[in-house]
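The sequence shown begins at 3 in our numbering and counts up by one. C-beta atoms are modelled at their ideal positions from N, C-alpha and C, and glycine is treated no differently.
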Amino acid sequence: MLDKMKKLVAYYEEVLSMPHRQEIARELRNEDDLFLLMLYSEMIGIPNPVYYYTLELYPHMIEKFHDWHLRMGMEKSPLSGIRCC
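Shown next, in the form of structure tokens:
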């Protein structure tokens, strides 16, 4: 009985989110873009008060950096320390 109820709730959530799937994906991408801007802001020249703490995230985020700077309209990496192209 519990398994059927879980399936029903999952189906209900799927039906509700179906027409908004593109909007949700766009908002998630915008949030990622903003996060990456905040992460790399010190290297671009924007003061970042939590720069010391974001240094730990660089190795994890470097893989997404190439896609991010292309989405932002930069053909090549704007940072001299990070070469991805």
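Secondary structure at serine 79: coil, using DSSP grouped into helix, strand and coil.
Straight through space, the alpha carbons of serine 19 and methionine 7 are spaced by roughly 18 Å. Excluding sequence positions up to five before and after threonine 56, its CB lies within less than 6 Å of the CB of Leu41, all in the same chain and listed in chain order. A direct Cα-Cα distance of roughly 13 Å separates histidine 71 from phenylalanine 37.
Comparing alpha carbon positions, the residue from Glu58, Leu39, Tyr60 closest to asparagine 50 is Leu39.
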